[in-house]
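Notes to accompany the following structure.
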Amino acid sequence: MEVLQRSWPWFVILGVIAVIGGILALIHPGFASLVVVVWAAWAFIVLGVGQLVHAAVIRAWGGFLMTALMGILALLLGASLLLNPLAGVVSLTALLGAMFLVYGLAKVIVAFNIRSSANWTWLLLSGLISILLAVLIFSDFQQSASSLLGILLGVELLFYGFALLMTGMALRSRAGGSR
0 MEVLQRSWPW FVILGVIAVI GGILALIHPG FASLVVVVWA AWAFIVLGVG QLVHAAVIRA
60 WGGFLMTALM GILALLLGAS LLLNPLAGVV SLTALLGAMF LVYGLAKVIV AFNIRSSANW
120 TWLLLSGLIS ILLAVLIFSD FQQSASSLLG ILLGVELLFY GFALLMTGMA LRSRAGGSR
């Protein structure tokens with residue numbers, strides 16, 4: 000714990016960087032959405048290369064072909080996102096909207112199936128909120144597609160940054176009190 004307490008400034012510094020990044024993402028959500036897509040593209044490329052290397056290593060195993068195909072698919076997906084990031088923003092936003100809709104419907108169905116359980120209404124509320132988010136995404140899809148991913152990134156960075164700041168400040172007060 001002492002090592003952690005001595006490292007409190009790093010928590011604060013990283014927290015400030017994350018908060019600034021979150022604010023910038025919320026100010027410029029369209030640009031931040033492109034950053035999300037480019038990051039995802041590189042993640043798929045790295046995953047694809049890793050899967051192809053893994054496939055080469057396990058050539059004698061029965062899963063070789065599927066592993067190699069998954070690697071090729073990940074590489075193609077990453078390359079397509081890099082080559083056309085605007086289409087990637089639209090695709091990822093549509094996927095997110097569809098996910099909210101499907102998850103929301105599933106949560107509502109499960110909630111009604113467990114009505115006899117305590118607090119089943121929380122699951123129902125969660126499902127209705129997910130459906131509402133899907134409706135909001137698809138009702139103004141052009142605007143949603145250009146900014147939603149950036150807004151989500153901004154919110155995530157803000158909350159993460161504040162969590163790091165609070166952790167750093169708590170560690171600082173503990174470090175000061177243990178002297």
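Residue numbers are given in numbering that gives the first Met the number 0: position 43 of the sequence shown equals residue 42, and the series is strictly consecutive. The C-beta atom is built at its ideal place from N, Cα and C for all residues, glycine as well.
Exposed or buried, which one is Trp41 when buried takes at least 16 other CB atoms within 10 Å? As a first step, residue 41 is located in the sequence shown; it is residue number 42 there, counting from the start. By the 10 Å Cβ count, Trp41 comes out exposed.
Top-ranked residue by Cα proximity to Met65, from Leu75, Ala78, Gln50, Leu76: Within the sequence shown, numbered from 1, the residue matching residue 65 stands at position 66. Considering only alpha carbons, the answer is Gln50.
Start and end of the alpha helix (DSSP H) containing His27? The residue labelled residue 27 in the question sits at position 28 within the sequence shown. Counting along the chain, His27 falls outside any alpha helix (DSSP H), and DSSP gives it neither H nor E.
Between the alpha carbons of Met98 and Phe10, how many angstroms are there, rounded? Your numbering for residue 98 matches position 99 in the sequence shown. Your numbering for residue 10 matches position 11 in the sequence shown. For Met98 and Phe10, the distance between alpha carbons rounds to 33 Å.
Going by DSSP, what residue range makes up the alpha helix (DSSP H) through Asn112? Here the question's residue 112 lines up with position 113 in the sequence shown. Asn112 -> alpha helix (DSSP H) spans 84-112.
In whole angstroms, give me the CA-to-CA distance for Phe137 and Leu95. As a first step, residue 137 must be located in the sequence shown, where it is residue number 138. As a first step, residue 95 must be located in the sequence shown, where it is residue number 96. Spanning the two alpha carbons is a distance of roughly 10 Å.
Residues near Ala133 by beta carbon distance below 7 Å, same chain, minus five either side: Sequence index remark: in the sequence shown, residue 133 carries index 134 (1-based). Once the five neighbours on either side are set aside, the close Cβ partners of Ala133 are Gly96, Phe99, Leu100, Gly103.
Once the 5 residues before and after Ile71 are set aside, which same chain residues still bring their CB inside 8 Å of it? On the sequence shown, residue 71 is found 72 positions in, with the first residue counted as 1. These residues qualify, in order along the chain: Gly47, Leu51.
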